[in-house]
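Trainee:
Below is the structure:
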């Protein structure tokens with residue numbers, strides 16, 4: 028059944044494509060955060076282990092919401108690591124397990140990169156007349172800003 032929500036087929040497809048790239052970024056940073064949660068060590072182990080769990084759970088929630096937004100626009104959400112890695116703007120660091128401070132710094136860099144990308148994505152979704160997705164992305168950006176703030180605060184001595 029055709030989706031009839033007041034957006035053209037072309038606009039819905041363009042926005043779904045943008046969302047699938049965002050989904051890819053979310054899943055890469057989710058996986059990196061989960062990896063660091065598993066591999067954290069040091070004197071602050073317990074606090075950082077719990078902190079990283081809170082972060083990856085939040086990222087999984089965002090990923091789910093982005094995928095559902097793609098579906099609401101009448102398109103198929105990416106669902107494989109191959110698709111995520113092909114389309115993500117955030118890059119993995121295979122085989123790299125930095126120390127705790129390096130982990131937090133890497134994640135902060137990723138969240139800040141996502142925030143910068145989302146600002147551009149907001150402009151692009153507005154060009155496609157999708158104010159619903161625009162609002163949705165603003166909320167996601169704010170969630171990443173909060174996560175970045177928490178990571179930044181963790182790095183402060």
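Numbering (this note's numbering), first residue to last: 28 to 184. All C-beta atoms, glycine included, are put in the ideal place defined by N, C-alpha and C.
Which residues in the same chain as residue 171 place their Cβ atom closer than 6 Å to its Cβ, once the five residues preceding and following it in sequence are excluded?
Mentor: Numbered from 1 along the chain shown, position 144 holds the residue referred to as residue 171. Cβ neighbours of residue 171 beyond the five flanking positions: 138, 141, 142.
Trainee: Let me check understanding here. Comparing Cα to Cα, which of 132, 160, 149, 169 lies closest to residue 79?
Mentor: Here residue 79 refers to the residue found at position 52 of the chain shown. Selected option, being the one with the closest Cα: 132.
Trainee: Quick one: measure Cβ to Cβ for residue 50 and residue 99, integer angstroms, because I've assumed they're closer than 8 Å.
Mentor: As a first step, residue 50 must be located in the chain shown, where it is residue number 23. As a first step, residue 99 must be located in the chain shown, where it is residue number 72. Not confirmed; about 13 Å, so no contact.
Trainee: In three-state DSSP terms, what is residue 71?
Mentor: For the purposes of this step, residue 71 is identified with residue 44 of the chain shown, where counting begins at 1. Coil, per DSSP.
Trainee: For residue 13, which residues from the same chain have a beta carbon less than 6 Å from its beta carbon, with the 5 sequence-adjacent residues on both sides left out?
Mentor: In the structure displayed, the chain extends from 28 to 184; residue 13 sits before or after that span and is not available.
Trainee: Name the two residues that bound the continuous alpha helix (DSSP H) containing residue 161.
Mentor: Position 134 of the chain shown, counted from the first residue, corresponds to residue 161. 158–182 is the extent of the alpha helix (DSSP H) around residue 161.
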